[in-house]
Each structure stands twice: as structure tokens, then as C-alpha cells.
Amino acid sequence: MDSEGAFMATFDSVLAGMQADGDGWTAHGPEDWLQGRTLYGGMSAALALKACELSVPDLPPLRAGQIAYVGPAAQDVRLVPGVLRRGRSVTTMACDLISDGAVALRALFVFGAERESAYAATPPPPPACARPDEVEPLWGKGRPGFTANIDQRLAGGNGLLSGADKGELLAWVRHSRPVAPGMPALVALGDALPPASYPRFTAPAPISTITWGFELFDPGHAQGAGWYLLQAKDDGVGQGYSMQSMAMWDEAGRPVLLARQSVAIFG
Numbered sequence: 001m002d003s004e005g006a007f008m009a010t011f012d013s014v015l016a017g018m019q020a021d022g023d024g025w026t027a028h029g030p031e032d033w034l035q036g037r038t039l040y041g042g043m044s045a046a047l048a049l050k051a052c053e054l055s056v057p058d059l060p061p062l063r064a065g066q067i068a069y070v071g072p073a074a075q076d077v078r079l080v081p082g083v084l085r086r087g088r089s090v091t092t093m094a095c096d097l098i099s100d101g102a103v104a105l106r107a108l109f110v111f112g113a114e115r116e117s118a119y120a121a122t123p124p125p126p127p128a129c130a131r132p133d134e135v136e137p138l139w140g141k142g143r144p145g146f147t148a149n150i151d152q153r154l155a156g157g158n159g160l161l162s163g164a165d166k167g168e169l170l171a172w173v174r175h176s177r178p179v180a181p182g183m184p185a186l187v188a189l190g191d192a193l194p195p196a197s198y199p200r201f202t203a204p205a206p207i208s209t210i211t212w213g214f215e216l217f218d219p220g221h222a223q224g225a226g227w228y229l230l231q232a233k234d235d236g237v238g239q240g241y242s243m244q245s246m247a248m249w250d251e252a253g254r255p256v257l258l259a260r261q262s263v264a265i266f267g
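In terms of full-length UniProt numbering, the sequence shown has 231 at position 231, counting the first letter as 1, and numbering is strictly consecutive.
As C-alpha cells, then:
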């Protein structure tokens with residue numbers, strides 16, 4: 001239940017409701033997982049990943065993903081995964097999310113077994129910031145519907161719609177309700193923040209993620225449960241588009257993923 005007593009579908013229940021359908025899977029995205037008129041992008045990507053996992057149960061750990069948000073995804077969707085290549089250590093899969101007969105999302109996932117290597121380098125540590133229980137929610141009134149399912153707390157920097165001269169967000173994120181550990185749960189969190197340029201805004205404006213590419217540093221300890229620190233910085237904004245870089249760490253400060261995103265800004 002939410003604060004007003006209305007039923008809210010949990011992340012796990014949405015994934016558990018996926019049904020085999022020919023060469024793919026069907027899924028229903030409840031209304032409280034919508035972002036405007038489309039299914040929240042993190043949930044869409046998580047469904048595509050889950051469809052791959054269901055189709056090939058013995059996949060090695062997820063290493064990278066490339067997501068193209070082609071069009072709006074309605075609540076009832078069909079997912080069609082396929083293996084592009086399965087090598088000795090790396091498996092590459094693709095998955096289309098079909099909505100109203102058209103491709104709404106196309107995903108490419110790379111799964112790779114761990115290998116011994118003489119070389120190692122760790123991504124940068126997280127910036128110093130307050131802990132989740134010490135900071136306020138990221139959103140005030142008018143937050144997107146799906147954010148009721150994901151706790152987001154401003155960890156530092158400028159707030160949303162503050163007219164800042166710097167496009168940067170730093171926030172703690174977690175699922176609002178317990179989730180089964182797994183990579184789909186983590187992927188659902190990775191796209192939770194508004195665009196990094198949102199602190200530059202002085203009034204709300206429509207936005208839409210176009211592409212999202214991410215790479216995981218150590219999938220073994222990144223399972224989507226608990227708090228994660230998510231940072232987003234815009235590297236360039238112009239002509240109605242934003243280019244941004246992203247990074248995620250777990251609550252212990254261990255690096256989880258690095259990412260890039262292209263966002264359409266209608267304002």
C-alpha cells in the first residue's frame with residue numbers, strides 16, 4: 001500500500017508476472033511504474049534483462065548494457081530476447097521490448113565470466129557526502145509516479161529546478177520495498193535520477209532518455225538491494241539534448257557501474 005492506501009505493485013511482483021509467449025515473454029507494467037505516458041525506463045530495461053535471464057538460465061555475470069529508448073512503452077508489453085553469440089567466456093544477447101506492435105526499446109547485454117588478469121585498476125571512489133538517513137528526499141511535490149517505488153535522497157550539490165549554473169546530481173537511491181537480489185533490480189535503480197541538467201532548470205520541462213549505456217565493475221557485489229549512491233553530470237547541453245556521464249557506488253563505497261546517457265530536453 002502507498003501512503004493513501006492504494007495498492008502498489010512491487011518490483012518483484014512485476015517480474016514474477018512475466019509469462020512465456022512463443023519466442024518471447026509478456027509483461028504488465030502497473031500504473032504506478034509509469035513516467036508520464038510511458039513505462040519508467042529503468043523498469044523497461046530491467047524487464048528486457050530479465051527476459052534474457054529467463055531464456056538462458058546459465059548466463060555468466062552481466063558486464064555491460066546498451067539501451068535505446070525508441071518510443072513510449074505502454075503498460076502491456078512483449079519482450080523478444082535472442083542470443084547473438086555465445087563464446088567461451090562472453091555471451092552477447094539482444095532484446096526488443098514491443099509495445100502496441102512497435103519496438104519501444106532495444107537492448108544489448110554482454111555477459112562475461114570472470115578471468116584471471118595481470119592488470120587491475122579501480123574506478124574513482126565516491127565523493128564525500130552525507131548518509132541516506134541524514135538527508136532529505138530528492139523530490140518535492142509533482143514527482144513522477146514511478147518514484148513512489150524508489151527512494152531518492154539528495155546527497156549533495158544543488159537541488160532540482162534550482163537554477164544552478166552546474167548540471168550535477170548526487171543522490172542515494174534504493175527500492176522502496178524489499179527486492180530479491182539480482183541484476184534486474186540494480187538496473188532498475190541505475191536510471192532513476194532525472195537528467196543531470198535538471199538543477200539548471202527553473203521550472204519543470206518534459207524530458208526523455210534516448211540512450212543509456214552502462215558498464216559494471218564487479219557484478220558479484222552489486223545485486224540491487226540496499227542503498228546506492230548515484231552521480232550524474234552533464235557534459236554538454238544544447239539544441240534540445242543533454243549528454244551526461246554517470247557513476248554508481250554501493251553503501252560501502254565500492255564502485256558498481258559507470259554509464260553515459262543521452263537525453264532529449266523539451267524546454
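Where a beta carbon is used, it is the ideal one built from N, C-alpha and C, also for glycine.
As for any beta strand (DSSP E) of minimum length 3 sitting wholly inside the region 87 to 159, the runs are 90 to 99, 102 to 112, 150 to 156, ordered along the chain.
In the three-state reduction of the DSSP assignment, residue 266 falls in the coil class.
About 7 Å separates the CB atoms of residue 47 and residue 97; that is less than 8 Å, so the two are in contact.
The beta carbon of residue 180 sits closer than 7 Å to those of 12, all from its chain and outside the five residues before and after it, given in chain order. Where residue 49 is concerned, there is no enclosing beta strand (DSSP E), although the alpha helix (DSSP H) around it starts and stops at 41 to 55. Taking a contact as a CB-CB distance under 8 Å, the pair residue 187 and residue 45 counts as one, their CB atoms being some 5 Å apart. In this structure, the beta-carbon distance from residue 111 to residue 57 does not fall below 9 Å. Taking the Cα positions, residue 254 is about 23 Å away from residue 138. Contact between the region 139 to 155 and the region 23 to 43 is present, with at least three C-beta pairs closer than 8 Å. Taking 9 Å as the cut-off, the Cβ atoms of residue 100 and residue 74 count as close.
Less than 9 Å separates the beta-carbon of residue 183 from that of residue 222. Pairing residue 165 with residue 260, the inter-Cα distance amounts to about 21 Å.
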